[in-house]
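These notes concern the structure reproduced below.
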Amino acid sequence: MIKVYSKPSCVQCNATYIALKKANIAYEVIDVSQDAEALEFIMGLGHQQAPVVYVDEFTHWSGFRPDLIQKLKEQNDG
């Protein structure tokens, strides 16, 4: 399952949730303001901006990326 590492009151995080729901992609939200290990994990991946969408060890990005969400949808549909 896709994991979305986010923080409260994050506009880009909310936009990501909406886009994932619209694309019918299941995801789990992890609040990095409450989970120090999760914050350390995403920083270890080189990300410093929320949200971080983690698909697998090779596919992850930060920020609102509707283009990449669309690509995931196409992969799931195909």
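Quick note: the sequence shown, position 27, residue 95 per our numbering, numbers continuous. All C-beta atoms, glycine included, are put in the ideal place defined by N, C-alpha and C.
query                                                                                  : result
Local conformation of V79 per DSSP, three classes                                      : helix
Run of the alpha helix (DSSP H) containing I70, from where it starts to where it stops : Not the alpha helix (DSSP H): I70 falls in the beta strand (DSSP E), residues I70 to S74.
K141 versus A104 - alpha carbon distance                                               : 30 Å
Simplified DSSP state of I137, which is helix, strand or coil                          : helix
Limits of the unbroken alpha helix (DSSP H) element including E105                     : A104 to G112
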